[in-house]
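Enquirer: First to last, the protein sequences are chains S and F. Sequential numbering from 225 applies to the first sequence in my numbering. Sequential numbering from 225 applies to the second sequence in my numbering. Ideal Cβ positions, reconstructed from N, Cα and C, are used throughout, including at glycine.
2 protein chains.
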Amino acid sequence: MSEAKNAFYAQSGGVTAVINASACGVIETARKHPSKIANVYAGRNGIIGALTEDLIDTSQESDSAIAALRHTPSGAFGSCRHKLKSLEENRAEYERLIEVFKAHNIGYFFYNGGGDSQDTAHKVSQIGESLGYPITAVGIPKTVDNDLPITDNCPGFGSVAKYVAVSIREAAFDVASMAKTSTKVFVMEVMGRHAGWIAAASGLACEKEGDAPHIILFPEIEFDKPAFLQKVKHSVDNYGYCALVVSEGVRNPDGQFLAEAGGKDAFGHAQLGGVAPVIAQMIKDELGYKYHWAVADYLQRAARHIASKTDVEQAYALGQAAVQLAIDGQNAVMPTVVRTSDNPYQWEIGSCNLADVANVEKMMPRDYITEDGFGITEKCRTYLQPLIAGEDYPPFKNGLPDYVELKNAPVAKKLNTEFAI
Amino acid sequence: MSEAKNAFYAQSGGVTAVINASACGVIETARKHPSKIANVYAGRNGIIGALTEDLIDTSQESDSAIAALRHTPSGAFGSCRHKLKSLEENRAEYERLIEVFKAHNIGYFFYNGGGDSQDTAHKVSQIGESLGYPITAVGIPKTVDNDLPITDNCPGFGSVAKYVAVSIREAAFDVASMAKTSTKVFVMEVMGRHAGWIAAASGLACEKEGDAPHIILFPEIEFDKPAFLQKVKHSVDNYGYCALVVSEGVRNPDGQFLAEAGGKDAFGHAQLGGVAPVIAQMIKDELGYKYHWAVADYLQRAARHIASKTDVEQAYALGQAAVQLAIDGQNAVMPTVVRTSDNPYQWEIGSCNLADVANVEKMMPRDYITEDGFGITEKCRTYLQPLIAGEDYPPFKNGLPDYVELKNAPVAKKLNTEFAI
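#1: What distance in whole Å lies between the Cβ atoms of Ala316/S and Cys248/S, which are believed to be in contact at a cut-off of 8 Å?
#2: Who are the Cβ neighbours of Phe491/S in its own chain at under 6 Å, not counting the five residues just before and after it?
#3: Is the Cβ of Ala494/F closer than 7 Å to any Cβ of chain S?
#4: Exposed or buried, which one is Thr606/F when buried takes at least 16 other CB atoms within 10 Å?
#5: Measure the CB-CB distance between Ala400/F and Tyr465/F and report whether it falls below 7 Å.
#6: What three-state label does DSSP hand Phe301/S in the structure shown?
#7: Nearest to Glu484/S by alpha carbon, out of Val502/S, Val469/S, Ser246/S and Ala467/S?
#8: Considering only residues of the same chain and omitting the five flanking positions on each side of Glu446/F, which have a CB-CB separation below 6 Å?
#9: Taking DSSP as the reference, what is the three-state secondary structure of Val499/F?
#10: Along the alpha helix (DSSP H) that carries Asn547/S, what are the first and last residues, could you check?
#11: Measuring CB atoms only, is the segment 449-468 of chain S touching the segment 497-517 of chain S, in the sense that at least three cross pairs come out at less than 8 Å?
#12: Any idea what DSSP makes of Asp489/S, helix, strand or coil?
#13: In the structure shown, what three-state DSSP assignment does Val414/F receive?
#14: Would you be able to state if there are at least three C-beta pairs under 8 Å between the segment 225-237 of chain F and the segment 301-308 of chain F?
#15: Which partner residues does Gly363/S have in the DSSP bridge list?
#16: Going by DSSP, name the residue or residues bridged to Gly574/F.
#17: Could you compute how far the alpha carbon of Gly420/F sits from the alpha carbon of Arg525/F?
#18: Quick check: the Cα distance between Val368/S and Tyr387/S, rounded to an integer number of angstroms?
#19: Can you tell me where the alpha helix (DSSP H) with Val368/S in it begins and where it stops?
#20: What are the residues of the segment 301-320 of chain F that lie near chain S, defined by any Cβ-Cβ distance shorter than 9 Å?
#21: Consult DSSP for Arg393/F and reduce its assignment to one of helix, strand or coil.
#22: Would you check if the distance between the CB atom of Leu578/F and the CB atom of Gly363/F is smaller than 7 Å?
#23: Verify the CB distance criterion: does Gln269/S have a CB-CB separation below 7 Å to chain F?
#24: I'd like to know whether the C-beta of Ser236/F is nearer than 7 Å to at least one C-beta of chain S.
#25: What did DSSP end up calling Pro619/S once you bin it into helix, strand or coil?
#26: Check for me: the alpha helix (DSSP H) holding Lys455/F runs from which residue to which?
#27: Flag this pair as yes or no: are the beta carbons of Pro365/F and Arg528/F separated by less than 7 Å?
#28: Write down the C-beta distance between Pro443/S and Arg475/S rounded to the nearest angstrom, noting that I regard them as a contact closer than 8 Å.
#29: Is the separation between the beta-carbon of Lys260/F and that of Ala228/F shorter than 7 Å?
#30: Which same chain residues, not among the five before or five after Gly434/S, have their C-beta less than 8 Å away from its C-beta?
#31: Taking the alpha-carbon of Asp596/S as reference, which of Val635/S, Asp448/S and Asn632/S has the nearest alpha-carbon?
#32: Flag this pair as touching only if the segment 269-282 of chain S and the segment 628-642 of chain S have three or more C-beta atom pairs under 8 Å; answer yes or no.
#33: Output needed for Val628/S: all residues of its chain with C-beta closer than 7 Å, excluding positions within five of it in sequence on either side, in chain order.
#34: Residue range of the beta strand (DSSP E) that Asp281/F falls in?
#35: For Ile612/S and chain B, any beta-carbon pair shorter than 7 Å?
#36: Does chain S have any CB closer than 7 Å to the CB of Glu394/F?
Laid out in structure tokens, this is it:
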């Protein structure tokens with residue numbers, strides 16, 4: 225074991241229902257290769273844990289606790305929103321990383337996150353060359369926004385996708401029951417400030433004429449109020465009700481978020497947020513229909529209880545693959561999901577260069593959205609369908625999901641220096 | 225079969241994840257007693273279907289379609305919010321009911337709903353005596369608000385309870401991950417305009433010191449802003465974050481709903497609604513914490529995918545029992561859930577008089593809420609715990625719950641008269 229190095233693993237950005245499944249894949253795989261990886265140290269609250277020498281000793285966790293990460297949502301070690309600047313802009317941060325890595329014999333760097341995080345991983349992968357510290361840096365994709373390039377899809381997305389499709393179906397059944405004498409319109413707001421992938425996924429619930437969602441509002445499509453209202457009316461006239469999904473990032477033709485269009489409250493604050501109530505009120509004002517609205521917010525990305533089995537399996541496999549790539553000596557790479565067949569759905573793990581991932585955002589192709597801008601096309605459905613396939617229920621205890629909370633014991637500090645973030 | 229009468233069944237008020245399980249219990253049981261009940265006619269959109277002679281012929285539905293009602297949320301025949309006035313106030317409605325019942329040989333009346341609906345069922349049960357039309361009227365309890373008297377609990381409630389407890393646990397795991405550099409406060413709004421049962425159920429997710437929800441705001445407890453803010457701060461100081469649940473019915477000391485306290489928008493409309501954003505903004509203004517908020521709305525009561533097994537079983541059993549009571553000749557009654565043991569949880573079906581149920585609202589006992597007004601007591605936990613026990617997943621197809629949509633074929637009209645509601 226003398227040659228073995230320690231590994232650093234951290235979670236970054238908004239967490240998901242399955243990012244811990246990737247952590248599980250990383251740690252379980254590392255444990256199978258003690259001659260290469262002595263121990264996995266997790267960053268407490270992401271990269272901040274590395275900068276502040278606040279490391280978590282995952283060897284203190286039992287095999288069963290690590291296995292339970294697979295069915296536990298959120299970031300078990302804490303995440304953070306902290307983007308490393310470039311080496312030129314903030315050399316001190318990189319030198320600090322090296323100082324901490326050296327002190328703890330860290331030779332592997334695993335960073336589990338979205339576009340910004342892959343950029344960070346890429347920067348770290350370069351410090352061997354630029355600052356003379358040998359490290360193998362591997363990114364692990366994660367983002368509910370599904371906006372990373374190259375990989376067919378991103379872990380975390382499939383489960384949000386399933387949640388929103390299940391939720392709009394259920395709520396639509398409810399509204400359909402009530403529509404005769406009560407609620408005629410239901411508005412569900414989902415995440416997606418820039419890309420409409422999550423909103424699009426709700427469209428999977430619509431399997432035949434008349435099914436909800438009757439309308440989807442995408443951030444990619446400029447909001448057309450008259451066309452929208454006409455479609456709401458058409459839905460109520462023809463199906464008795466209208467259940468619609470709106471992406472938080474929908475904008476007016478002038479580029480302003482609709483969520484910000486509601487004005488000020490009594491205290492002079494900007495409208496408290498939420499595009500769903502804005503849309504609902506607009507419908508009430510213009511068409512007079514009684515409405516209900518929901519904002520799922522964190523519920524959608526934390527909903528491990530209704531996670532997609534495909535998503536869980538891919539999240540785990542990508543964590544596993546990251547370790548394999550690292551012990552094979554590959555630096556500056558990210559494992560990817562490669563789709564080999566739509567139907568039957570088949571996938572395998574590939575890999576790509578971090579340089580090609582960093583700071584590239586994958587938007588919804590225009591031909592995934594129907595011509596009128598209010599729905600998804602068959603092409604989009606073919607892409608999305610397999611990502612929500614299968615259920616992977618967590619164990620339950622006392623009627624509730626039995627999620628693990630780790631001990632998260634600190635690694636003893638070796639440096640006597642503070643580092644201000 | 226010459227003696228057999230037809231039965232009328234209708235769903236009333238806000239629908240739930242399990243009201244169709246009661247419908248399933250009614251129809252499956254009726255089908256076993258063809259010598260007593262020839263056919264079950266369902267009211268399209270509740271009692272309105274009876275008044276307008278818009279009846280659904282459930283005999284057109286296959287056994288498997290009826291069986292699938294057990295796992296399908298919402299009201300399969302449509303519901304309505306229409307309360308019958310008293311006989312003195314609107315004799316025409318009762319005479320019309322008798323006209324329709326007589327035309328379709330209806331001798332049994334099953335009404336599946338909350339307090340108002342039990343009142344309607346009670347009024348109908350009296351028309352034999354008052355208007356000379358012999359009918360056996362049986363109520364079937366249903367309400368997510370859990371506010372019916374006598375019955376230990378109400379079908380529909382256990383599943384909402386499970387949904388909110390699961391959701392706050394999941395969201396809290398998420399916030400805990402993010403709290404170091406981002407969101408510190410999460411506010412989840414739940415239903416309950418008058419009674420805090422649903423909010424209380426979220427407290428089941430708190431199983432040890434520090435678990436979410438850290439604060440619950442009940443409609444029964446006058447909102448105390450300073451004490452509330454102090455508790456939010458305590459939670460963030462001690463646990464790193466605060467995840468709280470607020471009932472839509474929370475009021476200021478002056479009796480005003482907090483949801484209505486947000487003022488007017490740019491168009492002069494009252495605040496678009498939702499107490500969650502009001503609470504979140506208050507915390508931001510006073511304590512400066514970054515927040516997220518969610519409003520589950522219909523998602524919570526439609527969430528059949530995470531229904532409580534106990535709830536589903538009780539909903540079915542009550543439908544079954546209603547038919548048994550009716551064919552035993554009992555009029556003006558409602559089957560109830562009788563709890564015979566807390567631990568192990570045991571229950572059986574009892575019955576009570578509709579006269580004792582109608583228009584009585586069961587509020588949360590004060591000793592179910594902690595002294596400071598922000599949590600639930602052990603006594604409350606003992607009551608609530610079994611109601612969320614067990615999972616009862618629906619079948620899935622293409623990654624989505626496979627809910628049934630009935631044919632809902634109309635019964636041929638026999639009257640040539642219109643009736644205006």
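Expert: On the basis of the data shown:
#1: In the first sequence, counting from the first residue as 1, residue 248/S sits at position 24. In the first sequence, counting from the first residue as 1, residue 316/S sits at position 92. Between Cys248/S and Ala316/S the beta-carbon gap is near 34 Å, outside 8 Å, which marks them as no contact.
#2: Position 267 of the first sequence holds residue 491/S. Bear in mind that a pLDDT of 45 at Phe491/S, under 50, signals an unreliable position, so the number given afterwards is only what the model happens to contain. Taking C-beta separations shorter than 6 Å and ignoring five residues to either side along the sequence, Phe491/S has no partners in its chain.
#3: Reading the second sequence from its first residue, position 270 is the one you call residue 494/F. With a pLDDT of 49 at Ala494/F, under the threshold of 50, the predicted position of this residue should be treated as unreliable, and no value is reported.
#4: Here residue 606/F is taken as the residue at index 382 of the second sequence, counted from 1. Within 10 angstroms of the beta-carbon of Thr606/F lie fewer than 16 other beta-carbons, which makes it exposed.
#5: Indexing the second sequence from 1 puts residue 400/F at position 176. Indexing the second sequence from 1 puts residue 465/F at position 241. Taking 7 Å as the Cβ cut-off, Ala400/F and Tyr465/F qualify as a contacting pair.
#6: Walking along the first sequence from the start, residue 301/S turns up at place 77. Residue state, collapsed to three classes: coil.
#7: Numbered from 1 along the first sequence, position 260 holds the residue referred to as residue 484/S. In terms of Cα proximity to Glu484/S, the closest of Val502/S, Val469/S, Ser246/S and Ala467/S is Val502/S.
#8: On the second sequence, residue 446/F is found 222 positions in, with the first residue counted as 1. Correct list, in chain order: Pro477.
#9: For this step, residue 499/F is matched to residue 275 along the second sequence. Judged by DSSP in its simplified three-state form, Val499/F adopts helix.
#10: As a first step, residue 547/S must be located in the first sequence, where it is residue number 323. Checking the sequence, you will find Val at residue 547/S rather than Asn. Boundaries of the alpha helix (DSSP H) around Val547/S: Lys533 to Ile551.
#11: In short, these stretches touch, since the Cβ pair count reaches three.
#12: Here residue 489/S is taken as the residue at index 265 of the first sequence, counted from 1. With a pLDDT of 44 at Asp489/S, under the threshold of 50, the modelled position of this residue cannot be trusted, and the question is left open.
#13: On the second sequence, position 190 is the one that residue 414/F refers to. Secondary structure of Val414/F (DSSP, three-state): strand.
#14: Cβ pair count under 8 Å is three or more, so yes.
#15: Mapped onto the first sequence, residue 363/S falls at position 139. Paired residues: Tyr335/S.
#16: As a working note, residue 574/F is residue 350 in the second sequence. Checking the DSSP bridge columns, you'll see Gly574/F partnered with Thr560/F.
#17: Against the second sequence, residue 420/F aligns to sequence position 196. Against the second sequence, residue 525/F aligns to sequence position 301. Using only the alpha carbons, I get a separation of about 15 Å.
#18: Locating residue 368/S in the first sequence gives position 144, where the first residue counts as 1. Locating residue 387/S in the first sequence gives position 163, where the first residue counts as 1. Tyr387/S has its alpha-carbon roughly 11 Å from the corresponding atom of Val368/S.
#19: Translated into positions along the first sequence, residue 368/S becomes position 144. Unbroken run through Val368/S: none, as it is neither H nor E.
#20: Interface annotation for the segment 301-320 of chain F against chain S: Phe301, Gly302, Ser303, Cys304, Arg305 and His306, criterion Cβ-Cβ distance under 9 Å.
#21: Counted from its first residue, the second sequence places residue 393/F at position 169. Collapsing the DSSP output to three states places Arg393/F in a helix.
#22: Position 354 of the second sequence, counted from the first residue, corresponds to residue 578/F. Position 139 of the second sequence, counted from the first residue, corresponds to residue 363/F. With respect to Gly363/F, Leu578/F sits close: the two C-beta atoms are nearer than 7 Å.
#23: Along the first sequence, one-based indexing puts residue 269/S at 45. Reading the sequence as shown, one finds Asn at residue 269/S and not Gln. At least one chain F Cβ lies under 7 Å of Asn269/S.
#24: Taking the first residue of the second sequence as position 1, residue 236/F is located at position 12. For Ser236/F, the nearest beta carbon of chain S is not closer than 7 Å to its own beta carbon.
#25: On the first sequence, position 395 is the one that residue 619/S refers to. Note: Pro619/S maps to coil in three-state DSSP.
#26: Indexing the second sequence from 1 puts residue 455/F at position 231. Where Lys455/F is concerned, the enclosing alpha helix (DSSP H) stretches over Lys449 to Tyr463.
#27: Here residue 365/F refers to the residue found at position 141 when the second sequence is read from its first residue. Here residue 528/F refers to the residue found at position 304 when the second sequence is read from its first residue. The criterion of a C-beta distance shorter than 7 Å is not satisfied by Pro365/F and Arg528/F.
#28: Along the first sequence, read from residue 1 onward, the residue named residue 443/S stands at position 219. Along the first sequence, read from residue 1 onward, the residue named residue 475/S stands at position 251. Here Pro443/S really is in contact with Arg475/S; their C-beta atoms are around 7 Å apart, less than 8 Å.
#29: For the purposes of this step, residue 260/F is identified with residue 36 of the second sequence, where counting begins at 1. For the purposes of this step, residue 228/F is identified with residue 4 of the second sequence, where counting begins at 1. Yes. Within cutoff.
#30: One-based indexing of the first sequence puts residue 434/S at position 210. The residues are Asn462 and Tyr463.
#31: Residue mapping note: residue 596/S aligns to position 372 of the first sequence, counting from 1. Among Val635/S, Asp448/S and Asn632/S, the Cα nearest to that of Asp596/S is on Asp448/S.
#32: They touch, by the three-pair rule.
#33: Residue numbering aside, residue 628/S sits at position 404 when the first sequence is read from its first letter. Ala289, Ala292, Leu293 and Thr296.
#34: For the purposes of this step, residue 281/F is identified with residue 57 of the second sequence, where counting begins at 1. Unbroken beta strand (DSSP E) run through Asp281/F: Leu279 to Asp281.
#35: Annotation note: the requested chain B is absent from the structure, which comprises protein chains S and F.
#36: As a first step, residue 394/F is located in the second sequence; it is residue number 170 there, counting from the start. Interface residue, yes.
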